[in-house]
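Read the structure below first, then the notes.
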Amino acid sequence: MSDGTGALVSIVIPTYNGARYLPEAIESALAQTYPYIEVVVVDDGSTDETAQLVAGYGKRVTYLRQDNAGPSVARNRGITASHGDFLCFLDSDDKLRPEMVSALVAHADDETVGVVYCGHYLTSPDGKVVGQSSLDGPSGDVFEELFRRGGLCVMHAAIVRRSAALRAGLFDIRLRQWEDYEFWIRVAKCCKFKFVPAHLVEYRQLMGSNGRDRSRRVRSVRVLRSLLRAWVASGEVPKHVERQAEVHLHRARLQQIAQDAFLCYWAGDRSAAGRLALRAIAGGPRYMFNRGLWAIAAKFVLAASRSVSDRAADEGGDRPR
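Just so you know, we're using our numbering here: the sequence shown kicks off at 16 and counts up by one.
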């Protein structure tokens with residue numbers, strides 16, 4: 016664990032064929048202003064040049080390789096192989112701001128606090144900041160809030176006390192979607208959370224992560240519905256929270272649609288982006304006033320109207336006089 020001078024923080028980076036962005040993730044971990052860190056990369060059976068890239072960092076990075084088994088198994092492997100008092104789980108396409116660990120550790124003095132978390136910047140595939148999370152995260156007992164709001168933060172925007180992670184039972188290896196959310200629910204049952212109102216990490220949106228595939232979107236919401244209903248059935252969720260959990264399901268579906276709209280737009284599929292943006296806007300007040308979605312929708316409607324006008328003009332020009 017720590018050497019007596021400060022708490023050691025283990026930054027665990029699970030990766031699968033993530034060589035394109037992995038160096039940025041590793042370098043953001045190594046660039047932390049906090050002095051007591053270890054960086055552990057868990058290669059989940061990659062077939063790209065991940066191993067060679069990590070080798071270039073020498074002893075500064077611990078490299079572990081396993082057969083492909085999914086993010087939960089990879090994160091658990093990182094937990095058991097690392098030595099930190101605190102853990103941070105950084106996906107290989109995301110980044111930490113240099114002051115992230117230092118800022119969160121500074122708020123972790125209370126032993127009853129198992130998780131310290133912060134806000135995030137949303138970035139495009141090329142790393143451009145295109146949005147940011149709100150800074151109204153709750154602190155203290157957040158168990159019910161996790162059902163009201165859904166996840167409180169992206170996975171790498173938090174440090175979790177090792178003892179809390181072990182007490183919660185690590186990540187559920189049966190899950191390949193929403194495994195982080197399910198993990199936070201169990202952690203929230205055994206400790207308090209502390210929110211630091213600052214944007215200290217970058218969350219990159221990629222076509223290959225959540226993607227624009229409708230079947231994956233439907234699957235994702237089904238997994239979430241099963242998770243929430245299992246917790247409700249367990250009797251551990253108060254009755255007044257059940258309805259809020261259903262509202263969260265609706266929000267999750269809209270969030271997937273809105274996210275897909277931006278991903279399609281960045282990928283150049285403006286028609287699909289416009290249709291998805293209109294669906295998100297029509298779905299409820301959360302996205303009704305989102306300027307980015309309106310901009311995408313407006314371009315789609317304008318392009319569609321021009322297409323109709325052009326066709327009408329062509330047809331009119333073809334008529335015999």
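Quick reminder that beta carbons are idealized off the backbone N, C-alpha and C, glycines included.
Beta-carbon contacts of A89 that lie in its chain and below 6 Å, excluding the five residues immediately before and after: P29, V57, D59
Just how far apart, CA to CA, sit E53 and I26? 6 Å
Option nearest C103 by Cα separation, candidates L45, R244, I296: L45
Tell me the residue span of the alpha helix (DSSP H) that contains E159. 158 to 164
Just the Cα atoms here: how many angstroms apart are K204 and R237? 23 Å
Please list, in chain order, all residues of the same chain as L137 whose beta carbon is under 6 Å from its beta carbon, the five residues on each side excluded. V145, G146, Y218
What does the Cβ neighbour count give for S107, buried or exposed, with the cut at 16 atoms within 10 Å? buried
Where do the ends of the alpha helix (DSSP H) carrying L45 lie? 37 to 45
The alpha helix (DSSP H) with R290 in it runs from where to where? 285 to 297
So what's S61 in DSSP terms, helix, strand or just coil? coil
A312 versus L278: straight-line alpha-carbon distance, rounded: 14 Å
I believe A276 touches A292 by the beta-carbon criterion, under 8 Å. Please report the beta-carbon distance rounded to the nearest angstrom. 4 Å
Cα-Cα separation, M115 to R75: 19 Å
Thinking L175 and G129 are a contact (beta carbons under 8 Å), I'd like their distance in whole angstroms, please. The identity of residue 175 in the sequence shown is Val, whereas the question assumes Leu. Indeed they touch by this definition, with Cβ atoms about 6 Å apart.
Looking at the unbroken beta strand (DSSP E) that takes in F186, where does it start and where does it end? Element bounds for F186: n/a, residue is neither H nor E.
Under 8 Å Cβ to Cβ from A183, same chain only, skipping five residues before and after it: list those, please. F198, R201, V202, K204, C205
Could you tell me how far apart the beta carbons of P113 and T48 are, in whole angstroms, since I believe they sit closer than 8 Å? 5 Å
Using three-state DSSP, classify G223 as helix, strand or coil. Note that G223 scores a pLDDT of 48, beneath 50, so its modelled location is shaky; the value from the coordinates is reported in the next line. Note: G223 maps to coil in three-state DSSP.
In the DSSP assignment, the beta strand (DSSP E) including P29 goes from what residue to what residue? 24 to 30
Please look up how many angstroms separate the CB atoms of M170 and D187, rounded, as I've assumed it's under 8 Å. Going by Cβ atoms, the distance from M170 to D187 rounds to 14 Å, so no, they are not a contact pair.
Mapping the DSSP letters down to three states, classify P212 as helix, strand or coil. strand
Considering only the alpha carbon of each residue, which of W193, R177, E39, E64 lies closest to L239? W193
Going by alpha carbons, who is nearest to V256 out of R285, S97, F158, G307? F158
So for E197, helix, strand or coil by DSSP? helix
Should Q270 be labelled buried (16 or more other beta-carbon atoms within 10 Å of its own) or exposed? buried
Under a Cβ-count criterion, where at least 16 other Cβ atoms within 10 Å of its own Cβ denotes burial, should M16 be classed as buried or exposed? Low per-residue confidence applies at M16: pLDDT is 48, beneath 50, and the placement is therefore not dependable, though the value from the model is reported in the following sentence. Result: exposed.
Are the beta-carbon atoms belonging to D124 and K207 less than 9 Å from one another? no
Other residues of its chain near E160: CB distance less than 6 Å, five sequence neighbours each side excluded: P153
Rounded to the nearest angstrom, how far is the Cβ of N91 from that of Y31, given a contact under 8 Å? No, N91 and Y31 are not in contact; Cβ-Cβ is about 15 Å, not under 8 Å.
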